[in-house]
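For the sequence shown, the numbering used here begins at 685 and goes up steadily by one.
Down below is the structure, laid out as structure tokens.
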Amino acid sequence: MAGEAVEVSLNLKEALIESLNAVLSPDESIRKAAEQRIEAIEVTDEFGIYLTEFAMDQSFPLQIRQLASVLLKRYVEAHWSANNEKFKKPETPAQTKKMIRDNLPRGLSEPVSKVRSSIAYAISSIARTDWPEDWPELFDILMQAVRSNDINAVHGAMKVMAEFCAEITDIQMPTVAPKLFPELYRIFTSVELYSVGTRSRAVAIFRTCSDLIGAMAQVDKDAAKNLLYPFLPKFLEAFIHSLELPTDGVISDYGLKTQVVETFISFVNQFTRKILPSLNEILVRLWKTLTETSTYYVQNIVNDGCEEQTTDSDGQDVGVGSLLKSIFEFIELVIDHSKLKNNIRNTLTDLMYYLETYMMITVDEVDKWNKSPDQFLEDEDDDTFSFSVRISAKALLLKLCEEFPNECTNSVNESVLKHIGESTALRENGDEIWWKKHEAVMLTVGLVHECVKVEHLYLERFMNEVVLNDLGLNVSPYLLGRCLWVSSRYSKFIPDHLLSKLLEATVTALAQEQVSIVRVMAARAVYYFALDERWKEKRLEVMKPYLLPLIEGLRSVALTISSNETLALVLDVFGVVLDLDKDLTATTEEKVTPFVLAVLLKYAKDFMIVSLCQDTLRVLLANEKCSAKVEARLLPTLTSIMEANASDDGNSSISTGLQAVAIDILNDLVRNITKPLSEMAMNRAFPGCIKCAMSTDDNATLQNVGECLRAYLSEAYDQVICWQDGEGRNGIYYIVQVITKLLDPKNGESSASFVGKLLSLLITKSGGELGEHLDMMLRAVLLKLQQAETLTVVQSLVLVFAVLMHKHLNAILEFLSSVPGPMGESALEFVLNEWCAKQHYFVGAYERKVSILALCSLLEHAITTDDKRLQRLSVKGDRIDSGEGIRTRSRSSNEQWTQIPVLVKIYKLLINELSNILETKDANNDDDWDDEDEEDLDSSKASKDFEDDILAYAEKYNRDLADADEDDPDAKNDPLYSVDLQEYLTRYLQTLSANSCYPVFAEHHTQLEVNVLKEIGIQV
């Protein structure tokens, strides 16, 4: 039997060799048959072993060895571990794994680079799952190879190390760093011995390890002191020196220098104090690199577009662009640091000059943008995700102007004049690069329009001698487009006679016979021209003659340039231009509305385009001189969409997404058109909206229906009551049916996200006319609240009771007290528990105000009436500090809380809300980071950056919510909207503190609450 097994094994081995040879055959049929045989052999236990053997056996033909090494790499990815992303059964047996692990490291010294790289990759893949548990000796094997005198072994081991070190944990780092760092230093500084790629990899590995040590130092301050700092001075010195090496591809290249600069960036982020003594020297070297590289960049990238290969064998970018990006990022990081930014101040003018050099359009960019106007618009966007040297230089230039506002105007003047002077000489010598310099300085002047002091800018001279002169030349569409764009950024400072010429040139640039780039840039210019607020005042007469041709030109751009970005741009511009003159807009409505509607139907799944279409339609609907015509064009289409049987499975021409969009537009229409609503809006659109709601389960559609019906209630309540179906049921009846569906536990939770607003408005408008329907809906709210897990849904439902407490406090207390909750308690106890537990998470300034003021009313009622229903309720109070240090998940799950009276909890929530208001007002004055001790600088920097990111996100989120409040007409019409909550809570708490019952509340104070009360003059 053993002999038979050996024979089978030999036959398998021979079959694999034959198949590998056949795969290399030029005959396609032979090659495909061989590939199928290999797939069959792949599932055998010996497959990986034989591939390892073939790859490392130097007696085999090189082609077979290379093929075997590549197949081995794929085999490891597919079969080594079930945890691998590309795993396919069967998993490699343990015995086979051991044999491969034992033999594979010999391949690290393989002379053939491609074979060695594949083997190194296979080892790296195995290490991800097997080290250290199943392959504990791997690190020692790699270190032995790194220390050897074999160049190939060092190269192979370093390729593995690059992946290996990314998997090292804080537990293993104290063992790895002391052994690895000296070898990395030796390799990096052995310029004559090791290749640029190997030395670059040494820098990357060192940075990976130092980043982990930096993270460890957040918890253990001795980590960096013990593991990194002993090696740091030598590495810093070597890194700084390496920037002086010639970029010849032999002892250095752009990739190696990029790795060095990336490491400096990491050090500034994590070990600021340690890099401070070397910062000036680093900046000097980087400045030299930046200035010397500009000559190469202009000659080879801007002019010729002939940079040599820019990726290494690992696919890493080693071109000049990656180095420049890293240098710009380093400078930006230095500027961000208040203790370091002055190092940049003195070089501001020269730095701007070189940034403008790097902002020149390259040959490759011209080719790319000519093929794709979309890509041009993406690259021009301030929030682009694209990368180029030009984009990176723009970002740094803006950063300089933001951080050095007093100096930037003069620096812009001087740097621009220098480029203009140089371009004149270039132009006289017939060098076409002159126009690229002009385009770059125009880009600079346009970008900094909000940062500079315009009165000190050489604007008039620049416009007359550069912009207007270039506008008449037929040199490049990019120069022509930039002339229009920069003019539009400063339109408010341009005299009327000159502005007329620029607007006329813009109309010409939009024409269909112009190249796409000119038309797109002209469209961008129209946007900024139209933003000048003075159009709405005395300067409108200058714009009027050009409005109609501009609008027609924009429409032509959208119709003839088939690109999403261009279409989005035109729609964005429409939203601004159509708002300038109502009379002129009314004359263009017959072309604009059908165009926008057609775009909307075609791009219903493109959120951005849909949103821009809606913005344009809102402008048209808000224009009383054309809103009736817009309505007449929109309603038939919207109604047809709402009445259709929508489906996303391809069986219907109408998708659920399109229905949701149609209802959202109907919402805008109802909010904006002249009242009373038209017959079609009431007799077709309103029942169509109801029908859509009752026949769909799509959450987005149901949400939009709720908001649309709220618009009908708010804007045309009397018409909704008067409308009846064939059986005499009015609009309120159907709105109640929709609310009931939104609250149905069978429907998705998100469908109820806005139902609270709809129900609250219905209660406000209808009052006692709802009868038994109100009781039914409130019970449905309670049932939905029991199931709700999403905060926005909980908030929406709780606010229904908050609104009722403002208007019908006794009635809602009676209702909640008479209805059972989910656990046998009263619904009053259930609602107050949910409310008090979630109040501090509620979002939206108006919503929080409604909720807090309702709690004020509830607390006042309980005190003045001695309401026992409220006084006997208890809820979760403050967390009990266990004194066990850092809270882990397991400890959090076992947290204990005090139980306090619900009235005390409400009181605490009022103080908390006041505290939040006071903190928000003081937030801009809290900037203590610069005063920290240097010893704490490194550890605080990372946490400070994280905190700043979180605060910035929170500020934007709150700002967005505040904007939403301002845009909600129902919120603005509520008297509560105008209540000054800080003033109200201050007076409320001051009054309460004088009440005889106040000691009951005071005994539950925390120190934070005491501090807040003292701030408003309450001594406790």
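We treat Cβ as the ideally placed atom computed from N, Cα and C, and that holds for glycine.
Note that the structure is predicted; figures quoted are calculated from it, not measured.
If you draw a straight line from the Cα of residue 1667 to the Cα of residue 1305, it is about 38 Å long.
In the structure shown, residue 1582 falls within a strand segment according to DSSP collapsed to helix, strand and coil. Buried is the label assigned to residue 1385, since at least 16 other Cβ atoms lie within 10 Å of its Cβ. For residue 989, the closest C-alpha among the options 976, 1588, 974, 1005 is that of 1005.
Around the C-beta of residue 1507, fewer than 16 other C-beta atoms lie within 10 Å, and the residue is accordingly described as exposed. Nearest neighbour of residue 835 by Cα position, chosen from 875, 858, 808, 806, turns out to be 875. Cβ contact annotation for residue 1466 (same chain, cutoff 8 Å, sequence separation greater than five): 1503, 1505, 1511, 1514, 1515, in chain order. Put simply, the backbone Cα of residue 1408 is about 13 Å away from that of residue 1401. Within the stretch 809-892, the runs of alpha helix (DSSP H) at least 4 residues long that lie entirely inside it are, in chain order, 822-831, 835-848, 857-873. A distance below 9 Å separates the beta carbons of residue 871 and residue 886.
One Cα belongs to residue 1018, the other to residue 952, and the distance between them is close to 8 Å. Comparing C-alpha distances from residue 910 to each of 857, 1233, 848, 1656 shows the shortest one belongs to 857. In this chain, the alpha helix (DSSP H) harbouring residue 1208 covers 1200-1215.
Annotation for residue 1397: 1404, 1419, 1442, 1445, 1446, 1449 place their beta carbon closer than 8 Å to its own, counting only its chain and skipping 5 residues before and after. In this structure, residue 1316 lies near residue 1364, with their beta-carbon atoms less than 9 Å apart.
The beta carbon of residue 923 lies closer than 6 Å to those of 944 in the same chain, with the five residues before and after it left out. Non-local beta-carbon contacts of residue 1268 in its own chain, meaning distances under 7 Å to residues more than five positions away in sequence, involve 1228, 1231, 1232 in chain order. Contact annotation, residue 1168 with residue 1195: C-beta distance approximately 13 Å; criterion of less than 8 Å not satisfied.
Taking the Cβ atoms as the reference, residue 1390 lies roughly 5 Å from residue 1438, within the contact range of under 8 Å. The beta-carbon distance between residue 744 and residue 738, rounded to whole angstroms, is 6 Å. This is short enough to meet the 8 Å contact definition. In the three-state DSSP reduction, residue 1413 falls in the coil class, being neither helix nor strand. One Cα belongs to residue 1099, the other to residue 1303, and the distance between them is close to 42 Å. Around the CB of residue 1252, 16 or more other CB atoms lie within 10 Å, so the residue is classed as buried.
When secondary structure is reduced to three states using DSSP, residue 1247 falls in the coil class, being assigned neither helix nor strand. Rounded to the nearest whole angstrom, the C-alpha separation of residue 848 and residue 1538 is 59 Å. By alpha-carbon distance to residue 1313, the top candidate from 1500, 1278, 1036 is 1278.
Beta-bridge analysis with DSSP links residue 1563 to 1581. In the DSSP secondary-structure assignment, residue 1558 is bridged to 1585. For residue 1435, the number of other beta carbons within 10 angstroms of its own is at least 16, and it is reported as buried.
When DSSP states are grouped into helix, strand and coil, residue 1680 belongs to the coil group.
Just so you know, the alpha carbons of residue 1280 and residue 880 end up roughly 57 Å apart. Look at residue 1343 here: in three-state DSSP terms it is helix.
Contact check between the stretch 1518-1526 and the stretch 1585-1602: three or more CB pairs, one atom from each, fall below 8 Å, which counts as touching. The bridge partners DSSP lists for residue 1504 are 1510. Taking residue 908 as the centre and dropping the five residues before and after it, the same chain places the C-beta of 897, 901 closer than 6 Å to its C-beta, in chain order. The alpha-carbon of residue 697 is positioned some 41 Å away from that of residue 863.
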